[in-house]
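See structure below.
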Amino acid sequence: MSEEQIKSLEKQFNERIERDEKIEPKDWMPEKYRKTHIRQISQHAHSEIVGMLPEGNWITRAPSLRRKVALLAKVQDEAGHGLYLYSACETLGVSRNELYEQLHTGKAKYSSIFNYPALTWADMGAIGWLVDGAAIINQVPLCNTSYGPYARAMIRVCKEESFHQRQGFEIMLKLCNGTPEQKEMAQDALNRWWWPSLMMLGPTDDKSVHTEQSMKWKLKRKTNDELRQQFIDQTVPQADVLGLTIPDSDLKWNEERQSYDFGEIDWDEFWQVVKGHGPMNKERMKARVGAWQRGEWVRDAAMAYADKKQAEKEKQAV
Amino acid sequence: MNNNLYNYILGIADNSLILGQRLGELTGHGPSLETDIACTNISLDLFGQVRSYFQYAGKIAGDGRSEDDIAMLRKERDYKNVLLVEQPNTNFAYTIARQFLFDAYHLAFLGELQKSTDLTLSAIANKCVKEVSYHERFSSDWVKRLGDGTEESHQKMQNAIDDLWTYTDELFHQTEADKAMVEEGIGVDITQLKDNYYKYVSEVLEEATIEVPDIKYFQKGGKQGIHTEHLGYILAELQYMQRAYPNMEW
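Protein sequences, first through last, are from chains A and B.
Here the first sequence is numbered in the numbering used here, starting from 1 and rising by one per residue.
Here the second sequence is numbered in the numbering used here, starting from 1001 and rising by one per residue.
See the structure below:
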C-alpha cells in the first residue's frame, strides 16, 4: 500500500472514531492502534488474573459461610473477566498463550496494586471498596471506547465490578459497626490500601506517556489526575459513613474547587513497585508461572485427547 | 432435638464442606483459566449446599446455633466427612480423581434423597442434584481426558486412582444415624448404592484406559470422626477467624 493510501485510510479511520462508530476486528486499523489496544487490553486481563491471588488467599479463611460464598463468586467473576478480555484481545491477532508468555516473562504489566499483600480479613473489604472502586472509575468510560470487542466486554465487567465494590463496602461497614477490634482491623486496612489505590489511577498527567494518543482513540476519556480527583471526592464521604479516617493529614475540602485537596503521593514507591520491586511482585509472578508450568501436562493431555477424538470421528465418517 | 436427624444432616453436609474447602485452595492456581473457573464454581455450589443443610440443622437443634457455629466451631473429632474428601490436591489428577469418586456417589445419593419423607431434605436434594450432575459430568470428562490423554497424564491419573481407591468403600458405611434415618424413611440406604457405584465408576475408568484397582483393604473412620492427619490443617484455616475473633458478626 502506498503511503498516500495509508494516509487516506487513516483519515477515514479517525473520522469514524470522531463519529463514535465502533471499530470491529475485521476493519482496517493503524498498526499503532492495534498494538496499543493489545497492550492495554492484555494488561487489563492480566490484572484480573493476578488480582485473583490476594483475594484467593482468603477463601479458605473467610469468617463465615456467607462471606466465603461471596468471595468465591467474586474471584470467579475475576477469572471470567480475564477470559472475556483475553478473548477481546485475541480478536486483534494475538493468542492467549502469547499473552501469558508476555506476562510470565515480565514483558507485560498488570495493575501494581496486586503487588501488595492481603494480610487480614478487612483487606477483602478494602480491596473491594477501594481497589474495585478505583478500577470502576478507570473502566466506566471504556464502555464507550472505540474498539467494539473491548467496549462490549467492559459493559459486563463494569456491572460486576460495581457489585464487588458494594460488597467490599458492606464488609467494611460490618467491621466498622462491630467490635473495637474489628473497627481497628478496618482502619488498618484503609491505612495500607489508601495510597496504593490512589496510585492505581496512574502517574500524574505530566508523566503519563500514553494519555494524549489514548484520548484521541477514546481509550481514555479523562486524564489520570482527573480520575484520581474523582475517586477521592467520591470515597472521602464513604469513609465518613464508615467512621474511618483517611490516612492523609493534608486532606481538606476546598470550597473554591468544590473538591478535596490531598497530600503528596509517594511516587518513588509507585515506580519501585511498577519496576518489579514491590512487596509481592516476585510472589505473584511465582504463583502465576508456577500454576502455568504445573498445568502444562494437563493442557497437553486435553489437546492429545481432543485430537484422538477428532481422529476417531473422521475415521467413522470415512 | 432429633439427634439422629441432626447427625444425619451433618454427615451429608460435612462432605460438601470439606471438599468445597479443598477446591477453594485451588482458586487462582488452576492449570487453565477454564478449569480454574470450573473448580471454583463447584466449590461455590458445595458451600451453597452446606448452607442449606446447616441452616436446617440449626433449626433442628433449636438452641440458636447458626450455620457458621456448626461449620466452624466443632472439634476435629466431631466432623463426620468421609476420608476421601479431605485428601489433598497433590496434583490436578488427584483433584479430579477425588472429585469423580465423590461425585459418582454424591449424584446417586442425592437422586435417592429426593425421595426422602423429610420435605426439607428432599427439597435441598432436588436443588443439589442439578448442580452435582454438572460436577459429575465435569469430573468424569476430565478423568477420560487425563486417562486417555498423554502417557504422562495417563500415569498420573492411574496413580491418583490407585491412591484414592482405598477411600471409596467408606462411602457406603452406615452410621447409627444413617440406619435410624433409613428406618424412618428419611435417609437413603447407601448400602444399596454400592454395586451400581462400582459398576459405573469402572465403566468410566475403562473408557479412560485406567485400570480399576484390585485391593482388599480399605480405609475408614471419617464418619466416626477418626480422620487422616490432613483434616486438622483444613480446620485450622476454616476455623481461623471464628477462633481468633470469637462471637463477632462478619
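For glycine and all other residues, C-beta sits at the position ideal for the given N, C-alpha and C.
Taking a cut-off of 8 Å on C-beta distances, the segment 160–179 of chain A does not touch the segment 89–101 of chain A, as fewer than three cross pairs fall below it. In summary, A:SER2 is exposed, with fewer than 16 beta-carbon neighbours lying within 10 Å of its beta-carbon over all protein chains present. Here B:TRP1165 is buried, its C-beta having at least 16 other C-beta atoms within 10 Å. Counting along the chain, the unbroken beta strand (DSSP E) around A:ASN254 starts and ends at 252–254. In the displayed model, B:SER1139 falls within a helix according to three-state DSSP.
Counting other Cβ atoms within 10 Å of its Cβ, A:HIS210 stays below 16 and is therefore classed as exposed. Bounds of the alpha helix (DSSP H) holding A:TYR33 are 31–56. Per DSSP, the unbroken beta strand (DSSP E) holding A:SER259 starts and ends at 259–261.
In this structure, A:ARG61 sits near B:TYR1240, with a CB-CB distance shorter than 7 Å. Annotation: the continuous alpha helix (DSSP H) that includes B:GLU1152 extends over 1151–1164.
For B:THR1168, the closest alpha carbon among the candidates B:GLU1076, B:ASP1069 and B:GLN1099 is that of B:GLN1099. By the Cβ test, the segment 1145–1156 of chain B is not in contact with the segment 1101–1120 of chain B, since fewer than three Cβ pairs between them sit closer than 8 Å. If you look at B:ASN1004, you'll find it in the alpha helix (DSSP H) that goes 1003–1024. In this structure, the beta-carbon distance from A:ILE23 to A:SER146 falls below 7 Å. Annotation: the continuous alpha helix (DSSP H) that includes A:TRP292 extends over 281–294. Taken through DSSP and simplified to helix, strand or coil, A:ILE23 comes out as strand. With contact defined as three or more Cβ pairs closer than 8 Å, the segment 47–58 of chain A and the segment 123–130 of chain A are in contact. Secondary structure at A:TYR147: strand, using DSSP grouped into helix, strand and coil. Taking 7 Å as the threshold, the shortest C-beta distance from B:MET1181 to chain A does not fall below it.
Bounds of the alpha helix (DSSP H) holding B:THR1095 are 1092–1113. Here the alpha carbon of B:ILE1186 sits roughly 8 Å from the alpha carbon of B:LEU1113. The alpha-carbon separation between A:ASP240 and A:GLU255 amounts to approximately 18 Å. Around A:ARG284, no beta-carbon contact reaches into chain B at under 9 Å, the shortest distance being about 10 Å. Spatial neighbours of A:GLN187 in its own chain (CB-CB distance under 6 Å, excluding positions within 5 residues in sequence) are listed in chain order as LEU244. For A:PRO237, the enclosing alpha helix (DSSP H) covers residues 224–242. Cβ atoms of A:PHE231 and A:GLY168 stay farther apart than 8 Å, at about 14 Å.
Comparing alpha carbon positions, the residue from B:ASN1196, B:GLY1149 and B:GLY1024 closest to A:ALA73 is B:GLY1024. Taking 7 Å as the threshold, the shortest C-beta distance from A:VAL298 to chain B falls below it. If you look at B:PHE1047, you'll find it in the alpha helix (DSSP H) that goes 1033–1061. With respect to the 7 Å criterion, A:VAL157 and A:TYR110 are not classified as neighbours on the basis of their beta carbons. Inter-segment contact for the segment 1128–1139 of chain B and the segment 1037–1046 of chain B is present: three or more beta-carbon pairs are separated by less than 8 Å. For the segment 1027–1051 of chain B, the set of residues with a beta-carbon nearer than 9 Å to any beta-carbon of chain A comprises THR1027, GLY1028, HIS1029, GLY1030, PRO1031, SER1032, LEU1033, GLU1034, THR1035, ASP1036, ILE1037, THR1040, ASN1041, SER1043, LEU1044, PHE1047, GLY1048, VAL1050 and ARG1051, in chain order. Of all C-beta pairs linking the segment 1082–1089 of chain B to the segment 1004–1021 of chain B, three or more are shorter than 8 Å, placing the two stretches in contact. Of B:GLU1249, B:TYR1056 and B:ASP1163, the smallest CA-CA separation from A:THR179 is found for B:GLU1249.
Three or more pairs of CB atoms, one per stretch, sit closer than 8 Å, so the segment 197–205 of chain A contacts the segment 217–235 of chain A.
Below the 7 Å Cβ cutoff, chain A contributes THR60 as neighbours of B:LEU1238, in chain order.
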